[in-house]
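See below for the structure under consideration.
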Amino acid sequence: MQTSDHAAKLDRVRQALAQKPDGILEQVAAEHGVPLQAVIERVPGDGTSQIDGAHFVDVLTDIASWGDITFICHSKDAVVEFSGPVPNGKIGHGMYNLHGAGGGLSGHLRHENCKAIFFVRRPFMGVDTLSVQFFNAEGEAIFKIYVGRDAQRQLKAEQVERFARLERRFPASAKGL
């Protein structure tokens, strides 16, 4: 059950998103004292859909075939971006291990900590974006993957199709209240 203070915070989040739909969502979360997932759940209209985090490996395996994307880790102290392909990975030693070659993306991800995955469609700084965002049990982002752009800075058409197909592949969870 939500307290009236928490409900009031969430109402202010909705108002902030209505006033500035292309703002920085992490900033909205910090300003209102809520986890980023609470903000994502309140993106207006059909801007988001949620699936269970148990699909983590299947989602990343699919994205590994998309080509160049933008991979972002955003904390209160840094925004780290990588542009290039997501490498294939496999589970080992309790982690999902990305096997990037030649200086590409690599790392070790605690896949079992992923509790929710969101497909997000929203404007950001005046341009449309599509992203797949992974969240832990605390509602904080693990990382985000954005559909790539072509030489004219347009979303890559093939990736837009792949994004939509991947989103349809899994049953949606209930959207936050």
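Residues in the sequence shown are numbered consecutively from 0, following numbering that gives the first Met the number 0.
Glycine included, every Cβ here is placed at the ideal spot set by N, Cα and C.
Opposing strand residues paired with H98 [DSSP bridges] = Taking the first residue of the sequence shown as position 1, residue 98 is located at position 99. H98 is not bridged to any residue.
request  = Would you mind sorting K19 into buried or exposed? The rule is 16 or more other CB atoms within 10 Å of its CB.
outcome  = The residue given as residue 19 occupies position 20 in the sequence shown. Using a 10 angstroms sphere on the CB of K19, the tally of other CB atoms stays under 16, which defines it as exposed.
key: Check whether V79 and I116 have beta carbons under 7 Å apart   = The sequence position of residue 79 within the sequence shown is 80, counting from 1. The sequence position of residue 116 within the sequence shown is 117, counting from 1. Cβ atoms of V79 and I116: not closer than 7 Å.
Where Q132 falls: helix, strand or coil (DSSP) = Here the question's residue 132 lines up with position 133 in the sequence shown. Strand.
query = Looking at C-alpha atoms only, which residue of V119, P84, E111 and R109 is the closest neighbour of G102?
reply = Here residue 102 refers to the residue found at position 103 of the sequence shown. For the residues V119, P84, E111 and R109, the minimum Cα distance to G102 belongs to P84.
key: Boundaries (first-last residue) of the beta strand (DSSP E) holding Q49   = As a working note, residue 49 is residue 50 in the sequence shown. Counting along the chain, the beta strand (DSSP E) containing Q49 begins and ends at T47 to D51.
query = If you draw a straight line from the C-alpha of V27 to the C-alpha of L16, how long is it?
reply = Taking the first residue of the sequence shown as 1, we reach residue 27 at position 28. Taking the first residue of the sequence shown as 1, we reach residue 16 at position 17. Their backbone Cα atoms lie some 8 Å apart in a straight line.
Residue environment, I90, which counts as buried when at least 16 other CB atoms sit within 10 Å = Translated into the one-based positions of the sequence shown, residue 90 becomes position 91. By the 10 Å Cβ count, I90 comes out exposed.
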